[in-house]
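Enquirer: Numbering (this note's numbering), first residue to last: 1311 to 1613.
Where is the CB? At the ideal position from N, CA and C, for every residue including glycine.
None of these values were measured; they are calculated from a predicted model.
1. Rounded to whole angstroms, how far is the Cβ of residue 1561 from the Cβ of residue 1519, which I believe are closer than 8 angstroms?
2. Any idea what DSSP makes of residue 1384, helix, strand or coil?
3. Using the Cβ count rule (16 or more neighbours within 10 Å means buried), how would you classify residue 1425?
4. Along the chain, where does the beta strand (DSSP E) that runs through residue 1517 open and close?
5. Compute the Euclidean distance between the alpha carbons of residue 1447 and residue 1416, then round it to the nearest angstrom.
6. In the DSSP assignment, the beta strand (DSSP E) including residue 1509 goes from what residue to what residue?
7. On the three-state DSSP scale, how would you describe residue 1379?
8. Bridge partners of residue 1441, per DSSP?
9. For residue 1449, I'd like the list of residues in its chain whose CB is within less than 6 angstroms of its CB, leaving aside the five on either flank, ordered along the chain.
10. Can the beta-carbon of residue 1491 be found closer than 7 angstroms to that of residue 1376?
11. Classify residue 1486: buried if its beta carbon has 16 or more other beta carbons within 10 angstroms, exposed otherwise.
12. Going by beta carbon distance, what residues of the same chain come within less than 6 angstroms of residue 1383, once the five residues before and after it are set aside?
13. Could you give the distance in angstroms between the alpha-carbon of residue 1392 and the alpha-carbon of residue 1356?
14. Residue range of the alpha helix (DSSP H) that residue 1493 falls in?
15. Of the residues 1570, 1571, 1554 and 1581, which one's Cα is nearest the Cα of residue 1596?
16. What is the DSSP secondary structure of residue 1365, counted as helix, strand or coil?
17. If you count every other CB in all the chains shown that lies within 10 Å of the CB of residue 1479, and 16 or more means buried, which is it?
18. So residue 1455 packs on residue 1508, CB below 8 angstroms; how close in whole Å?
19. Look up residue 1568 in the DSSP assignment and give the residues it is bridged to.
20. In whole angstroms, give me the CA-to-CA distance for residue 1469 and residue 1588.
21. To the nearest angstrom, how far is it from the Cα of residue 1406 to the Cα of residue 1602?
22. Report back the beta-carbon spacing between residue 1385 and residue 1536 to the nearest angstrom; my notes put them in contact at under 8 angstroms.
23. Taking all protein chains shown into account, do 16 or more other C-beta atoms lie within 10 angstroms of the C-beta of residue 1529, making it buried, or fewer, making it exposed?
24. Report, in whole angstroms, the separation of the C-beta atoms of residue 1532 and residue 1514, which I expect to be a contact under 8 angstroms.
25. When you compare the CB positions of residue 1558 and residue 1431, do they come within less than 7 angstroms of one another, or not?
26. How is residue 1588 classed by DSSP in three states: helix, strand or coil?
27. Considering only the alpha carbon of each residue, which of 1369, 1373 and 1474 lies closest to residue 1461?
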């Protein structure tokens, strides 16, 4: 009988191996997390790029006009842009119904997830939003990108009198007209002006400075890709509890720019380009980027 012992590791050697394994995990796991965050940010940028290019194609088909946030029966800008995306069949089905988006006849259509409408960095990608408009309950797929017509009226007094706070998607004239703006109305420059579709992620839940402070239902379709979200952005305090404030993004998602990227947000400009802007951007540069004809003088270095 062979009684020789099998070679093994002593206790100190085992401890060394475990320590090296833990040390390796300490390097590998953060690297994996960082790679995922970078990938999510890039996919988010690609989503906004699709929206920007779809808007340009829309303009080509409509005499250089932009879609207006007041168009349709409470429908979002994304609905107007669907024919110019890979989700054109969804737009065709919605148009063919001839009914408001929240009508029960459109239940299957509005529940469909759009390939470009959600940021992969946002929580709960499989979430479904529920709400009710009139007598019609609905279940709809979400979006993390919302069109905005203008800087909020609530902080008008911090701007000069008669300052035009409209974004390119804000239409022209009185709010009831719904008249569409034209690319030629963006006198501040296409490459210096945000298109007006912003990251406002995980609505209708409320986030403040990285903390979930309240959950909510999708009243009036808030947070869905199909409904007009009626957001008008503003800067917040750094804790996200009050406005106006110096924080341009990621301090509150209550009618304000908010993403789940670590240090900023992706922005699509009127020329279709997308740039990642840091969260510590000067809030006045942020406001200047929102307006289409505010007369501000910006350069790429300001962003």
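Expert: Short version:
1. 5 angstroms
2. coil
3. So residue 1425 counts as exposed.
4. The continuous beta strand (DSSP E) containing residue 1517 extends over residues 1516 to 1518.
5. 11 angstroms
6. 1507 to 1509
7. coil
8. 1448.
9. 1421, 1438 and 1440
10. Judged by their CB atoms, residue 1491 and residue 1376 are nearer to each other than the 7 angstroms cut-off.
11. For residue 1486, the predicted model reports a pLDDT of 39, less than 50, meaning its position is unreliable and no value from the coordinates is stated.
12. Reliability fails at residue 1383, whose pLDDT of 48 lies under 50, so the model's placement of it is uncertain and the value that follows must be treated cautiously. 1410.
13. 16 angstroms
14. It is not in any alpha helix (DSSP H) - residue 1493 carries neither H nor E in the DSSP assignment.
15. 1554
16. helix
17. buried
18. 7 angstroms
19. Note: residue 1568 sits in a beta bridge opposite 1510.
20. 23 angstroms
21. 33 angstroms
22. 6 angstroms
23. exposed
24. The beta-carbon separation of residue 1532 and residue 1514, rounded to 4 angstroms, stays under the 8 angstroms limit for a contact.
25. no
26. Note: residue 1588 maps to strand in three-state DSSP.
27. If we check each option's Cα against that of residue 1461, 1474 comes out closest.
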